[in-house]
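Take a look at the structure set out below.
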Ligand SMILES: Cc1cc2nc3c(=O)[nH]c(=O)nc-3n(C[C@H](O)[C@H](O)[C@H](O)COP(=O)(O)OP(=O)(O)OC[C@H]3O[C@@H](n4cnc5c(N)ncnc54)[C@H](O)[C@@H]3O)c2cc1C
Ligand code: SF4
């Protein structure tokens with residue numbers, strides 16, 4: 001990437017400003033640029049260059065002072081929340097937010113674990129890449145059972161946009177023809193292990209309504225010309241992804257959308273630019289641009305554009321909107337409905353079970369597959385709901401063969417002991433629930449009334465808790481996962497349910513806060529992610545979701561974003577925006 005991409009001061013009126021450079025912002029920028037629009041991407045964090053800035057790539061655990069564990073003092077100083085993320089380690093910490101500089105507060109007696117990545121590329125560098133379409137059942141769920149507002153779109157509205165992003169990003173998976181989980185445009189799926197194939201057969205025999213499929217993931221198992229042109233090549237199955245991948249074999253802003261946007265010559269990037277608020281013109285009732293505070297020296301500047309796309313993440317975009325108080329919008333821009341900040345959701349992944357698959361002693365695997373298996377949601381419509389709660393969950397997991405580490409804590413000495421350490425151990429396999437969280441007005445983020453961060457922006461204050469529905473769902477998921485493994489013939493079953501001790505947020509699938517809807521009185525955005533109240537302001541990240549569904553959400557952020565850009569550019573050309 002060339003340095004003239006990056007700007008600091010500018011009085012140019014761009015066609016579009018895109019705030020944020022994660023999965024959502026990357027797609028918005030690419031699509032605007034490819035439609036000939038002069039586009040400014042604004043990112044609060046530092047520049048991370050593809051390849052050059054993957055500073056831990058290729059290093060083995062033994063090359064880190066504490067064998068990948070982050071120094072305790074550093075963790076307590078800077079990463080008190082981020083340390084809870086399973087992907088946080090000495091190898092990846094450079095891509096995680098700094099909790100000391102980026103504080104937020106939670107209502108007394110509640111907690112929310114907000115995992116962040118504040119640099120060019122956002123969380124696209126560290127995501128786990130599981131990619132699933134929502135189905136018509138998901139878009140209809142709120143209407144069907146009365147929780148939340150009706151999504152203003154259905155599957156057919158997004159179908160071709162899913163295809164568009166999948167072909168470009170590269171999604172590996174298998175076609176299954178399931179009504180609750182539409183197939184994508186697939187590259188070949190990763191392979192299941194022999195025990196997984198065995199358990200699949202047993203579960204599908206025992207439970208005709210359930211399927212065990214290979215996880216769908218944004219990895220190039222067999223790149224097409226479109227991927228090779230992006231400079232990306234085949235995945236080497238190393239599962240080292242969250243350090244950054246010079247092969248560009250998993251989808252990220254850096255590997256995929258940013259080079260495509262830059263290639264057009266229409267992209268500029270303003271890094272280290274913290275958007276404080278939007279500039280609103282009362283006369284025209286449109287936004288004119290953004291106010292920015294410099295990340296480093298705290299100086300202020302402004303950028304201008306004809307349209308603004310907020311892609312700063314579910315909480316980040318709502319923070320900017322709530323902090324834009326005007327005469328017409330004293331409670332935050334485009335908030336005439338009063339729902340801005342509300343209906344915050346995450347996924348509920350607090351229960352599951354693991355067990356031993358007997359046999360298969362002569363089986364092993366080579367490489368480290370960067371994806372697991374999935375049992376798609378089997379309670380995806382009201383007629384399939386359990387009696388005690390509504391909605392459902394998917395079960396993800398996988399098998400692995402225990403190795404010498406399982407004996408690492410055993411005492412021993414001599415040849416026999418060493419011999420035991422060198423032998424592979426049992427095959428273990430797990431199923432872990434990822435459940436839907438209901439949209440509730442009471443789960444919300446607001447701006448703290450008195451506290452501000454170092455850029456002078458009011459802190460986000462979050463009040464978000466699990467409802468009884470989520471608790472009942474996890475109690476059931478624990479039992480069901482254990483029962484399924486038992487019926488599949490596994491032994492030594494361990495099950496767990498940690499919902500009482502875990503906070504929302506840690507699934508890192510936060511959505512809601514500026515929901516879409518048909519009725520401007522109860523929603524912030526229309527069916528094209530455009531603010532009902534301000535026609536040249538769009539929000540296309542997770543903030544726009546009306547329900548969480550059970551699928552990992554980022555593929556849907558991509559599809560919503562490209563659809564919104566297409567609509568916006570057409571509206572601009574027709575002079576309606
Ligand atoms: C470890 C991990 C595993 C995950 N696994 C999966 C998975 O398997 N599948 C899946 O679908 N999802 C997964 N996710 C979630 C996924 O990463 C997010 O849903 C997605 O990346 C969000 O994209 P985004 O662009 O909306 O937000 P982000 O990636 O958070 O990007 C927002 C960007 O906006 C910038 N920004 C914020 N505020 C401002 C401001 N005021 N001014 C300027 N810039 C600002 C931020 O610095 C950031 O770069 C995972 C996340 C993590 C951390
Ligand atoms: S597993 Fe694939 S995507 Fe991940 S680091 Fe290795 S080559 Fe890159």
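Residue numbers (UniProt numbering): 1 to 577. Note that the Cβ used here is the ideal one computed from N, Cα and C, for glycine as well. These numbers come from a predicted model, not from an experiment.
Could you round the C-beta distance between residue 443 and residue 343 to whole angstroms and report it? I think they count as a contact, below 8 Å.
7 Å
Status (buried if at least 16 other CB within 10 Å, exposed otherwise) for residue 298
Label assigned to residue 298: exposed.
For residue 406, which three-state DSSP category applies?
helix
Which residues are close to ligand 2, meaning CB closer than 6 Å to any heavy atom, in chain order?
219, 235, 236, 237, 238, 239, 240, 241, 245, 247, 249, 250 and 370
Quick one: residues in its chain with C-beta nearer than 8 Å to the C-beta of residue 165, no 5 flanking neighbours on either side, listed in chain order?
Excluding sequence neighbours, residue 165 sits near 27, 555, 558, 559 and 562.
With C-beta atoms as the reference, is residue 246 less than 7 Å away from residue 46?
no
Straight-line Cα distance separating residue 335 from residue 519:
13 Å
What residue range is occupied by the uninterrupted beta strand (DSSP E) comprising residue 304?
300-310
Is the CB-CB distance between residue 126 and residue 168 below 7 Å?
No, these two residues do not count as a Cβ contact at 7 Å.
Between 170, 188, 112 and 241, which has its C-alpha nearest residue 578's C-alpha?
Nothing about residue 578 can be reported from this structure: the residues present for the chain run from 1 to 577 only.
Can you check which of these residues, 270, 177 and 390, is closest to residue 142 by C-alpha distance?
390
Three-state secondary structure assigned by DSSP to residue 294:
It is a strand residue.
Classify residue 164 as helix, strand or coil using the three-state DSSP reduction.
Residue 164 falls in the helix class under three-state DSSP.
Compute the minimum distance between the beta carbon of residue 126 and the heavy atoms of ligand 1, and state whether it is under 6 Å.
For ligand 1, at least one heavy atom lies less than 6 Å from the Cβ of residue 126.
May I have the straight-line CA-CA distance separating residue 405 from residue 398, to the nearest angstrom?
18 Å
Kindly indicate which three-state DSSP category residue 562 falls into: helix, strand or coil?
helix
Would you identify the three-state DSSP class for residue 555, choosing helix, strand or coil?
helix
Output the boundary residues of the alpha helix (DSSP H) element that contains residue 317.
314-322
Between the beta-carbon of residue 194 and the beta-carbon of residue 172, is there less than 7 Å?
no
Please confirm whether any heavy atom of ligand 1 lies closer than 6 Å to the CB of residue 129.
yes
Is the separation between the beta-carbon of residue 216 and that of residue 131 shorter than 7 Å?
Residue 216 is a Cβ neighbour of residue 131, given a cutoff of 7 Å.
Just to check, is the beta-carbon of residue 508 closer than 6 Å to a non-hydrogen atom of ligand 1?
Yes - ligand 1 has a heavy atom lying nearer than 6 Å to the Cβ of residue 508.
Taking the continuous alpha helix (DSSP H) assigned at residue 475, which residues delimit it?
468-487
Straight-line gap, residue 407 to residue 429 (C-alpha atoms, nearest Å):
Answer to the nearest angstrom: the Cα atoms are 18 Å apart.
Report yes if the C-beta of residue 87 is less than 6 Å from at least one heavy atom of ligand 3; otherwise report no.
Ligand 3 is not part of this structure, which contains only ligand 1 and ligand 2.
Have a look at residue 305 and residue 506 and give me their C-alpha separation to the nearest angstrom.
35 Å
Which residue's Cα is closest to the Cα of residue 82: 544, 321, 112 and 458?
112
Helix, strand or coil: how does DSSP classify residue 427 here?
Here residue 427 carries a strand assignment [DSSP, helix/strand/coil].
At 4 residues or longer, what runs of the alpha helix (DSSP H) sit wholly inside the region 230-265?
258-263
Considering only heavy atoms of ligand 1, does any lie closer than 6 Å to the CB of residue 29?
no
Can you list, in chain order, the residues of its chain whose CB lies under 8 Å from that of residue 385, leaving out five sequence neighbours each side?
145, 379, 391 and 392
Nearer than 6 Å: is that true of the beta carbon of residue 376 relative to any heavy atom of ligand 1?
no
If we count the other Cβ atoms within 10 Å of its Cβ and call it buried at 16 or more, is residue 119 buried or exposed?
buried
Are the Cβ atoms of residue 511 and residue 31 separated by less than 7 Å?
no
If you run the structure through DSSP and keep just helix, strand and coil, what is residue 381?
coil
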